[in-house]
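Protein chains in written order, with our numbering: chain A, 1 to 329; chain B, 330 to 658. Every residue, glycine too, gets a C-beta built ideally from N, C-alpha and C.
Protein chains: 2
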Amino acid sequence: MSSQNSADLLVESLRRATGEANPSLTDSVIPSLLRGIGRTAAALRTAHNVEKAGSENVFGDAQLNVDVLAEQFFREELGACPAVVAASSEEDPVEVSMQSDSIDQEADVYAVAFDPLDGSSIIGPNWSVGSILGIWDGRSALHQDPRKQIAAVLGVYGPRTTAIIAVCVPGREDAAVCIEVGITDATGSCDIIRSDVRLAEGSKTRYFAPANLRAASEDARYMGLVTRYIAERYTLRYSGGLVPDVVHALVKGHGVYLSPVTSGSKAKLRRAFELLPVALIVECAGGQAIDPANGFRILGTPLRDLNETAGLVCGTSEEVERVKAALLG
Amino acid sequence: MSSQNSADLLVESLRRATGEANPSLTDSVIPSLLRGIGRTAAALRTAHNVEKAGSENVFGDAQLNVDVLAEQFFREELGACPAVVAASSEEDPVEVSMQSDSIDQEADVYAVAFDPLDGSSIIGPNWSVGSILGIWDGRSALHQDPRKQIAAVLGVYGPRTTAIIAVCVPGREDAAVCIEVGITDATGSCDIIRSDVRLAEGSKTRYFAPANLRAASEDARYMGLVTRYIAERYTLRYSGGLVPDVVHALVKGHGVYLSPVTSGSKAKLRRAFELLPVALIVECAGGQAIDPANGFRILGTPLRDLNETAGLVCGTSEEVERVKAALLG
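Quick look at the structure:
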């Protein structure tokens with residue numbers, strides 16, 4: 001199977017989710033994001049040298065350089081997509097207009113909110129890290145019905161370069177897709193690895209990823225949950241990178257990721273650049289993503305400010321229900 | 330700085346540890362292992378396709394193919410080193426003679442014991458995985474003074490390809506080195522990232538990696554340790570891959586990795602292919618590596634059988650002492 005054919009196959013799969021209303025999304029915007037991921041992966045591979053070029057100190061500046069490069073690649077790729085009319089990122093949390101005002105169409109235009117490189121604390125030890133991208137139907141991500149975020153992409157930089165792509169269009173929820181692809185080079189060429197990423201119930205091996213674990217020292221309910229996972233012989237997998245941690249559950253078909261918030265351990269996940277895209281992916285895979293402070297769906301609340309933060313519980317639906325009962329019940 | 334110069338710099342650094350007695354180790358054997366790591370990294374990058382070539386099922390066969398490829402690369406590289414007279418691996422745990430009997434010298438010949446690709450459970454979700462290699466002075470790893478394992482290499486396959494190399498020659502312990510390199514391609518070209526990898530005490534951020542955590546459900550002392558780490562606000566990082574977990578501590582300069590053994594959770598780390606090389610690396614970085622069953626140094630007991638297994642506690646020296654007191658005191 002050639003990469004060209006695989007790319008066509010991907011576009012075809014994505015179009016099944018959108019119908020005919022969003023041709024630029026499937027044919028141009030998502031492919032441009034996969035190119036951004038491919039270019040970021042290529043830059044990361046040689047980040048030993050980036051580090052040296054940047055500074056003499058051991059890793060602070062190297063990370064910075066790679067972050068800046070990833071941001072630049074995604075901005076360039078989005079800038080070359082006429083249908084992308086606005087973009088904002090974790091590195092630059094202001095929604096910037098990407099195109100001249102002459103593009104006055106209202107349909108098939110998009111705003112993208114993204115975290116170019118998530119997981120800076122684990123770049124040094126060479127653990128997998130990721131990119132998070134949410135695509136909004138229309139001119140802005142702000143003050144919208146969250147269902148207008150109709151697509152999201154997680155890029156995973158590890159031994160391979162992979163991505164999870166979800167598309168869910170209002171009115172076509174039954175046709176929503178969640179697909180894993182392997183990206184083969186910096187042009188974003190890809191092969192489909194899993195055409196139907198799905199969080200299943202009743203999995204034989206059960207996984208848990210307890211983020212912000214220090215919060216358990218202040219919250220007996222969180223500590224109780226963790227000890228219960230251990231007593232029930234769940235398998236621990238926690239890298240500390242939001243993307244690899246969530247993707248682990250998606251690929252294994254089971255898992256729960258917990259990042260509760262306490263008075264001493266504040267919410268630090270950004271709704272625009274992290275929580276909303278991750279929540280769309282998890283829901284499209286049949287799971288749930290909720291705010292542990294109140295149990296509400298992450299996708300249930302409009303984005304009012306690009307700097308909003310919250311906690312997160314997501315993964316296999318029955319596991320999320322169980323966490324909700326334990327933390328809030 | 331060109332890669333050639335970097336390679337020379339690496340050999341020079343390694344020679345400071347060996348003096349003049351082991352020229353083939355520094356100039357040929359270790360470079361051949363770095364080539365094996367570079368070739369394995371290149372194969373992993375395209376493992377999406379390896380999977381397809383092998384089988385239609387989703388990941389079982391892909392892993393198998395990549396494991397087999399890594400094994401083959403290291404065997405080929407070692408076979409091209411006249412000084413390597415024996416090799417054994419996790420995939421094929423028999424010590425096989427690599428050279429004809431005509432090589433009858435007794436000095437500057439080596440036996441290599443290795444795990445070509447460790448971490449198969451996390452290859453699917455695209456998390457970092459690794460290779461583990463121990464190099465023994467002489468014709469065999471079996472029934473030797475463990476100090477005859479004079480070098481070890483951990484290869485890390487992540488967004489980048491990196492390796493930790495330790496060399497410690499009996500009588501020259503003060504000159505032992507532990508170096509982190511970035512491998513830039515399949516020829517094994519590399520740049521030195523850290524010339525002195527060191528587990529420091531008094532680190533501001535303290536990390537713990539609780540492996541075999543299910544054992545805590547049967548062992549109140551292990552459960553007590555885990556809850557104490559949480560209460561004392563240690564940072565959890567646990568990928569489930571021995572190489573990335575140990576390398577995380579080495580690169581951050583602090584950490585403790587625990588894999589206790591209970592009657593219900595048996596020892597599964599192989600002494601020949603995992604524990605002895607990891608222990609040499611950790612000790613060369615100033616840390617400790619002990620058997621949690623008895624508190625003895627992993628490096629204190631000769632290898633009698635390639636299939637021997639044990640648990641492991643390793644990392645920053647004061648943390649290992651604390652675990653020893655908690656589990657055995």
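Sequence-distant partners of R633 (chain B) (beyond 5 residues in either direction) whose C-beta falls short of 8 Å from its own C-beta, in its chain, are L471, H472.
Burial check for N636 (chain B): the Cβ neighbour count within 10 Å stays below 16, so the residue is exposed. In the three-state scheme derived from DSSP, where H, G and I count as helix and E and B as strand, L303 (chain A) is classed as coil.
A direct Cα-Cα distance of roughly 44 Å separates D8 (chain A) from A409 (chain B). The three-state reading of DSSP puts S646 (chain B) in helix, counting H, G and I together. Contact with chain B is absent for G19 (chain A), since none of that chain's Cβ atoms lies less than 8 Å from the residue's Cβ. For a Cβ distance threshold of 8 Å, residue set I451, P454, W456 of chain B lies close to H248 (chain A), ordered along the chain. Of the residues B:R476, B:G484, B:A495, B:S450, the one whose Cα lies closest to the Cα of T355 (chain B) is B:A495. In this structure, DSSP gives C613 (chain B) a helical state, which the three-state scheme calls helix.
Following the DSSP letters along the chain, one finds V243 (chain A) inside the alpha helix (DSSP H) bounded by residues 242-252. Take P589 (chain B), set aside five residues on each side of it, and the residues of its chain with a beta-carbon closer than 7 Å to its own are N541, A544, D548, Y551, P621, G640, L656, in chain order. Within the region 199-218 of chain A, the residues whose Cβ lies closer than 8 Å to some Cβ of chain B are P210, L213, R214, A216, S217, listed in chain order.
Within chain A, the residues P159, R160, T161 have their CB atoms less than 8 Å from the CB of R374 (chain B), given in chain order. Between the region 152-163 of chain A and the region 102-111 of chain A there are fewer than three C-beta pairs closer than 8 Å, too few to call the two in contact. Excluding residues up to 5 positions away in sequence, A655 lie with their Cβ nearer than 6 Å to the Cβ of L554 (chain B) in the same chain. By the neighbour-count definition (other C-beta atoms within 10 Å, threshold 16), D145 (chain A) is an exposed residue. Under a criterion of Cβ atoms nearer than 8 Å, the residues of chain A adjacent to P573 (chain B) are, in order, P125, N126, W127. Put simply, the backbone Cα of C507 (chain B) is about 37 Å away from that of E274 (chain A).
With respect to I135 (chain A), V169 (chain A) sits apart: the two C-beta atoms are not nearer than 8 Å.
Excluding the 5 residues flanking it on each side, V652 (chain B) has same chain C-beta neighbours closer than 7 Å at L554, V585, L587, V642, in chain order.
With respect to the 8 Å criterion, V156 (chain A) and V29 (chain A) are not classified as neighbours on the basis of their beta carbons. Under the 10 Å beta carbon count, T645 (chain B) is surrounded by 16 or more other beta carbons and is classified as buried.
Taking 8 Å as the cut-off, the beta carbon of S239 (chain A) is found closer than this to the beta carbon of S128 (chain A). Residue environment analysis places P360 (chain B) among the buried positions, since at least 16 neighbouring C-beta atoms fall within 10 angstroms of its C-beta. Those residues of the region 578-593 of chain B placed with their C-beta closer than 7 Å to a C-beta in chain A are V580, K581, ordered along the chain. For the set B:E349, B:L579, B:Y558, the Cα lying nearest the Cα of L483 (chain B) is the one of B:L579.
For A107 (chain A), there is no enclosing beta strand (DSSP E), as DSSP marks it with neither H nor E. Chain-order list of chain B residues neighbouring A231 (chain A): S546, by C-beta distance under 8 Å. Take the alpha-carbon of A272 (chain A) and the one of T513 (chain B): they are about 35 Å apart. Counting every other CB atom within 10 Å of its CB across the protein chains shown gives P116 (chain A) a total of 16 or more, marking it as buried.
Using beta-carbon distances, R550 (chain B) does not count as an interface residue toward chain A, since no partner is under 8 Å.
R527 (chain B) sits exposed, since fewer than 16 C-beta atoms from the chains shown fall within 10 Å of its C-beta. When secondary structure is reduced to three states using DSSP, I493 (chain B) falls in the strand class. Note on geometry: alpha-carbon atoms of F403 (chain B) and S97 (chain A) lie some 52 Å from one another. Around F208 (chain A), the same chain offers Y229, Y234, V256 as residues with beta carbons nearer than 6 Å, after the five sequence neighbours per side are excluded. The beta strand (DSSP E) runs lying completely inside the region 405-476 of chain B and spanning 3 residues or more are 413-418, 421-426, 439-447, 458-466, given in chain order.
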